[in-house]
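Chains as they are written, first to last, in this note's numbering: chain A, 1 to 400; chain B, 1 to 400; chain C, 1 to 151; chain D, 1 to 151. Ideal placement from N, C-alpha and C gives every residue a C-beta, glycine not left out.
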Amino acid sequence: MTERSVYLDYAATTPADQRVVDAMLPYLTEHYGNANSMYRLGRDASRALEDARERVARAIGAARPDEVIFTSCGTESDNTAIIGLATAAGRTSGHIIVSAFEHHAVLEPAWRLGKQGFEVTELPPRPDGTVHPDDLAAALRDDTVLVSVMHGNNEIGTVQPIAELATLAHERGALLHTDAAQTLGKIDFDVAALGVDAASFSGHKIYAPKGTGALYLKGGTRMTPYLIGGGQESKRRSGTQNVAGAVAFATALELMDAERPAEGPRLAALRDRLVDGLLGRIEYAQLNAADAPVRLPHIANFVIPGVEGEAMLLHLDAAGIAVSTGSACSSGSLKPSHVLLSIGCPVEFAHGSLRVSLGRYTTEADVDYLLETLVPVVDRLRQMNPLYEKMVAGLAGAAD
Amino acid sequence: MTERSVYLDYAATTPADQRVVDAMLPYLTEHYGNANSMYRLGRDASRALEDARERVARAIGAARPDEVIFTSCGTESDNTAIIGLATAAGRTSGHIIVSAFEHHAVLEPAWRLGKQGFEVTELPPRPDGTVHPDDLAAALRDDTVLVSVMHGNNEIGTVQPIAELATLAHERGALLHTDAAQTLGKIDFDVAALGVDAASFSGHKIYAPKGTGALYLKGGTRMTPYLIGGGQESKRRSGTQNVAGAVAFATALELMDAERPAEGPRLAALRDRLVDGLLGRIEYAQLNAADAPVRLPHIANFVIPGVEGEAMLLHLDAAGIAVSTGSACSSGSLKPSHVLLSIGCPVEFAHGSLRVSLGRYTTEADVDYLLETLVPVVDRLRQMNPLYEKMVAGLAGAAD
Amino acid sequence: MIYSDKVMDHFGNPRNVGVIADADGVGEVGNPVCGDVMKITIKVDDDRIGDIKFQTLGCGAAIATSSIVTEMAKGMTLAEAVAITKSQVAEELGGLPPAKMHCSVLATDGLKKAVDDYLVRHGREPIAVGTIAHDDPDFDPHAEDDGEHAH
Amino acid sequence: MIYSDKVMDHFGNPRNVGVIADADGVGEVGNPVCGDVMKITIKVDDDRIGDIKFQTLGCGAAIATSSIVTEMAKGMTLAEAVAITKSQVAEELGGLPPAKMHCSVLATDGLKKAVDDYLVRHGREPIAVGTIAHDDPDFDPHAEDDGEHAH
Ligand SMILES: Cc1ncc(COP(=O)(O)O)c(C=O)c1O
Ligand SMILES: Cc1ncc(COP(=O)(O)O)c(C=O)c1O
């Protein structure tokens, strides 16, 4: 319908940056050795891998390079951390706390452990979209072995007070893991300042290729490895190392960090333009977790009452705009987002959520185009909604 | 020391073929969508992914595209198959058979299951380097749930009679998984002809990038997923799909298949030249598993008595030659290869093994250069061996 | 998940959208908590569906199935209209993604409700009752869902 | 696993390779089942190591540590020679990969054996006995191994 193409779903995935691709390419065809081989080609690969590890370690403030384990994605990092830390040293029971709005890559392994002898508490965030330290303090028990709270939420963009949470967990002898897939490179991220024992990262959220990721594991922390076999990554992640992927990840992270001083404020300004513009133009629209003390610069999540998310997304798509809805990428499902429900968003509104996430190539014109396009789309869908008038009456009533 | 560079370790890893890289590149920077997103960029990604899946399914003779699950490596495929099939439908006990010379990516998960309530039999291959159907028949029990026998062994290159083994397993109600990391693309591979329930593949053995892999899972076979989270790959492998990697894998496999009619015989001839040349020039050298009924065209594994493998490897490396020894890439370890021990190779000889593996860019000149270079290296190391004369006397005595 | 061209056509240009002011029968199914609601209004002429209009809050498939069901039903006898199955609806649209098959129930149920409403208003026996999935208190429209979670 | 330049130098150009025909002391440690064997022969002059030669079957580190230990020991008193520790050997080589630290024991043990052999031959008390790791029947040279498996 249109030639225009506006990508506003950077929290779902990012394009690989050309500079990242250029950095990795030589390791595909030329320096292609197996990093475990002793001969020159292998040593070259090993050096490139260890160099990438050092760069990542430095970027995240790790004490030692070997605290960084390269993985294949955020999901693998999360699975490895949750299952590997919980079952370390042969442990088969204990208490685990995960926040209720974790990504499923954390929730699913926690639930699996819950079926295998562990006890799992799902800690709800407050309506401001933040896990409150007092709530964690109340949930911690003497037998709590692991707490996992994501750093930045992928749907609503709220940032958790990880340093405080880590201190509380440590006071009770529990480890703290944080899923930092959405924060790495986007805001300051320093494992020492946060005091975490483990953190998960995903390459394709920071302009590295899909199929790359990393796990920070604090030196001395015991963890049962998840992928097992050849014993690579100092026995903590088997499988021939993806050297090109590691180089890409390190390069991408350094670019994020180098550009953040300018890029962070730029994105935050674009986001504010978006939020103001949208709330000003779309009646009854609300920003989710609007009261969050800290939020990511690039994610805004709205409820647009009277509209169903997928229908909105499809109309925007027809105009060349890529955004996400509901459970962000639960696009095949009508199940409302567990994240929105966890912060008290009513189910009927959760079906009409809109996540807009900005990135390296987003311009003011992109944001304006979204706003322009969205207004008639919402009007049209509301007109087709048999309950819209009733709903408006209710909203007006509630507002009284 | 030399400018010459001769790579003869294709079984450890391969360079990514430039044609494969060219095919995947657009999916990194241009068609970078998340395959789970509904908008155009996501649909394009999804189409590319499903197209890759279909191509792989066709190449391996799968009945349906969704029998192919993309993974991040051979290790992940193996771990997923072994643990996922053994524990399918909540099973927590049962009998598992793995051949004793499996890759550690199969052995380690089997051992882990062995500690968690399963009983594990390690089935030794015969001295010809082959798992004999009679031996499997004898090991199968009524409670055997899973048998895993690799298709082609990565160290000695012997090919197992998988079709017969699968029939035997099925007769006793067990599933059969085969690790085909070393055979896919290199010899005929057809899941229907082999009758397997699951098969593991690794991209970097077939000129696709490291960090790619796939798992064949026969339709209707229950398997507990290993990486869990967003439910991608029809809930069988979570993690945002590496679309570029899937395209690379499919492209690489098609190239292997297209070129095999010429390439297979070419490699076999080179291998025979190598075997004849080496056995003719190096006294007491032996080809491991020389009596194997079927062997891969590109792998030859020798014992060179009186020589330690790593020392040999380092001298060859100094001459620009890349080969592997012992437990192939246990380069950091003096532990002798479990594969060689499993076929009855004496420990002292196992320390002196040499694996040469040929590939797409190997020439006759490469093989000849290895032979030329190897002779003085072996002489020199034998001269430094305090026991060599005693050993020769023993070998001569044994030959009487 | 990819919709067929025909689904996208009916979603983008839905037919028969609106409300018939002096409708002979009205059917409303679903609720906003489930994420989809449909309202069908019909004019009946000689036991045939003369005019038909719909309003739907719901996903792409919900809107497309609503649209196509109004096209299919127009001109049918009441008996024919209530006999439209969800598979026929899906087929008419060139197929639906597995996770969306349940959406077609919304459209057929809405139509059935409207027909029964007309019949009851005229003191006649309802003919669809008992075949309306949404009347079952245990009905879970998403039971067949097979979707993926957030990224 | 990457060896230092000095390890590679001693591996590629080992010093003092061979056997002293009329040696005053001979030390042999290790066995082919473990993958490494070393033999040291020494000439002793006034309780100092005059000449020293070695033969080694083993990995790069085994050969390099053998070579350097002969360089270190040459000219030392017997007491000094048996006091050479495996860490000194590793240090002298600019470090060894962790998985290879055990190799330096081979070299120091071989030297100790040769010295004791000389002493015993001359009716004197052996001075290294008790400090030779290879004499311990439970000694496992690979206990510290931390290597990776096959690819
Ligand atoms: C917070 C969070 N955790 C984990 C993941 C999973 O990462 P990946 O897709 O790399 O497996 C994502 C994104 O998908 C995410 O946003
Ligand atoms: C037979 C076999 N299985 C599994 C693997 C593991 O594959 P990957 O390195 O892709 O994890 C390899 C190679 O390393 C192999 O040769």
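Quick one: grab the DSSP three-state call for D:M181. The requested residue 181 of chain D does not occur in the structure, where chain D is confined to residues 1 to 151.
Would you call the region 20-29 of chain A and the region 372-384 of chain A touching, i.e. three or more CB-CB distances under 8 Å? No: fewer than three Cβ pairs fall under 8 Å.
Flag this pair as yes or no: are the beta carbons of B:A16 and A:Y32 separated by less than 8 Å? Yes; because the gap between Cβ atoms is below 8 Å, this pair is in contact.
Collapsed DSSP secondary structure at D:H152 in the structure displayed: It is not possible to answer for residue 152 of chain D, since the shown part of chain D is limited to 1 through 151.
Nearest chain D C-beta to B:P336 closer than 8 Å, yes or no? So yes, B:P336 belongs to the interface.
Can you name, in chain order, every residue of its own chain whose Cβ lies under 8 Å from the Cβ of D:F139, other than the five neighbours on each side? Around D:F139: A133.
Identify each residue in the region 186-214 of chain B for which the Cβ-Cβ distance to at least one residue of chain D is less than 7 Å, and report them in chain order. Listed by position, the residues of the region 186-214 of chain B near chain D (Cβ gap below 7 Å) amount to none.
Beta carbon of D:A62 nearer than 8 Å to that of D:M38: Cβ distance < 8 Å, so D:A62 and D:M38 count as in contact.
Among residues of its own chain, excluding the 5 on either side of B:L41, which ones have a beta-carbon nearer than 6 Å to its beta-carbon? If we look at B:L41 and ignore the five residues flanking it on each side, its Cβ neighbours are G33.
Of the residues C:I2, C:G110, C:L93 and C:E28, the one placed nearest B:A45, counting alpha carbons only: It is C:I2.
If you drop the 5 nearest sequence neighbours on each side, which residues of the same chain put their C-beta closer than 6 Å to that of B:T251? So the qualifying residues of the chain are V20 and A23.
Among A:T80, A:Y284 and A:D276, whose alpha-carbon lies nearest the alpha-carbon of A:K235? The candidate whose alpha carbon is nearest that of A:K235 is A:T80.
B:H103: beta carbon under 7 Å from a heavy atom of ligand 2? Checking every heavy atom of ligand 2 against the Cβ of B:H103, one is found closer than 7 Å.
By Cβ distance, which residues of its chain are closer than 7 Å to A:A48, with the 5 residues on each side in sequence left out? Around A:A48, the same chain offers Y27, H31, V243 and V247 as residues with beta carbons nearer than 7 Å, after the five sequence neighbours per side are excluded.
Can you name the residues of chain A whose CB is closer than 7 Å to the CB of B:Y39? In chain order: L313, D317 and A322.
Any beta-carbon of chain A closer than 8 Å to the one on C:T56? Residue-level contact by beta carbon holds for C:T56 and chain A, with a gap shorter than 8 Å.
8 Å contact criterion, which B:T167 and B:M150 should meet: CB distance rounded: 17 Å between Cβ atoms; not a contact.
Quick one: which residues of the region 107-131 of chain D get their C-beta closer than 8 Å to a C-beta of chain B? List them in chain order. The residues in question: there are none.
Pick helix, strand or coil for B:T80, following the three-state DSSP scheme. The answer is helix: DSSP assigns B:T80 an H, G or I state.
Give the DSSP-derived three-state secondary structure of A:A35 in the structure shown. Three-state result, A:A35: coil.
Quick check: A:L113 and A:I321, are their CB atoms within less than 8 Å of each other? Annotated as distal: A:L113 and A:I321, with beta-carbon spacing of 8 Å or more.
Closest Cβ-Cβ distance between A:C345 and chain B: below 8 Å? Using a Cβ-Cβ cut-off of 8 Å, A:C345 does not count as an interface residue toward chain B, since no Cβ of chain B sits closer than that to its own.
List the whole-angstrom C-beta distance separating A:P297 from A:A258, where the pair is believed to meet the contact cut-off of C-beta under 8 Å. Between A:A258 and A:P297 the Cβ distance is about 16 Å, and since that is not below 8 Å, they are no contact.
Proximity test, A:Q160 beta-carbon vs ligand 4 heavy atom, cut-off 7 Å: Looking for ligand 4 in the displayed structure turns up nothing; the ligands present are ligand 1 and ligand 2.
Which residue spans inside the region 28-61 of chain C form an unbroken beta strand (DSSP E) run of at least 3? As far as the region 28-61 of chain C is concerned, its whole beta strand (DSSP E) runs of at least 3 residues are 36-45 and 48-57.
Starting from the beta carbon of B:L387, find every residue of chain D whose beta carbon is closer than 7 Å, and list them in chain order. Residues of chain D passing the Cβ test: P32, V37 and L57.
Can the beta-carbon of A:I299 be found less than 8 Å from the beta-carbon of A:R360? No, the Cβ-Cβ distance between A:I299 and A:R360 is not below 8 Å.
Is B:M150 close to ligand 2? I mean its beta-carbon at under 7 Å from any heavy atom of the ligand. At least one heavy atom of ligand 2 lies closer than 7 Å to the C-beta of B:M150.
Beta-carbon neighbours of D:V17, restricted to chain B and to distances below 7 Å: The contact set of D:V17 on chain B, defined by CB atoms closer than 7 Å, consists of M384 in chain order.
Chain A contact residues for C:G12, given Cβ-Cβ distances below 7 Å: The contacting residues are A318.
Checking 8 Å against the spacing of the C-beta atoms, do D:G27 and D:D117 come in under that value? The Cβ atoms of D:G27 and D:D117 lie closer than 8 Å to each other.
Buried or exposed, going by whether 16 or more other CB atoms sit within 10 Å of the CB of D:P32? Of the residues assessed, D:P32 falls on the buried side of the cut-off, its CB having 16 or more other CB atoms within 10 angstroms.
Beta-bridge partners of A:D179, as assigned by DSSP: Beta-bridge annotation (DSSP): A:D179 is paired with A:S200.
Is B:D143 near B:H103, with beta carbons less than 8 Å apart? No; because the gap between Cβ atoms is not below 8 Å, this pair is not in contact.
Residue span of the beta strand (DSSP E) that contains B:R380, given as start and end: Not the beta strand (DSSP E): B:R380 falls in the alpha helix (DSSP H), residues E364 to M384.
Give a yes or no on whether the C-beta atoms belonging to B:P346 and D:G35 are separated by under 8 Å. It is not a contact, given that the beta carbons lie outside the stated cut-off.
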